[in-house]
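Below you can see the structure in the form of structure tokens.
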């Protein structure tokens, strides 16, 4: 599951690379794909077993719960949330996943 999170996070970063906020807001396809990937990251992270979440205390779980909630709420601007999440929790989470992959490779083992 961590591999899915890592790949989706990398996908978000590729999509927003060299993209300004105004350009992001104008690009319906980019916004849609970023949102889809962010939902995948949030849903997958929050579905991890408790033991896995506890083994990764540096992940900002509260931010990911907010992302998950925000995309399901009509009261929150999803475009702004997508832009903010792509520049906030995504790069930080991706950095920590790289650390965990190096220091705790067992976390990345697939276990059904």
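Residue numbers (my numbering): 364 to 475. Here a beta-carbon is modelled for each residue, glycine too, at the ideal position from N, C-alpha and C. Values in this document were obtained by computation on a predicted structure and should not be read as measured data.
Beyond the five residues adjoining it in sequence on each side, residue 467 comes within less than 7 Å, by CB distance, of 418 in the same chain, given in chain order. About 5 Å separates the beta carbon of residue 404 from that of residue 371, a gap short enough to meet the 8 Å contact definition. For residue 384, the secondary structure class from DSSP, reduced to helix, strand or coil, is helix. When DSSP states are grouped into helix, strand and coil, residue 411 belongs to the coil group. Taking a contact as a CB-CB distance under 8 Å, the pair residue 442 and residue 394 counts as one, their CB atoms being some 6 Å apart. Contact between residue 427 and residue 416 is ruled out by a C-beta separation of about 10 Å, above the 8 Å threshold. Taking all protein chains shown into account, residue 408 has 16 or more neighbouring C-beta atoms within 10 Å of its C-beta and is therefore buried. If the five residues before and after residue 445 are omitted, its C-beta is found closer than 7 Å to the C-beta atoms of 394, 397, 398 and 401, all from its own chain and listed in chain order.
Ranked by how close their Cα comes to the Cα of residue 374, the residues 469, 454, 472 and 459 have 454 in first place.
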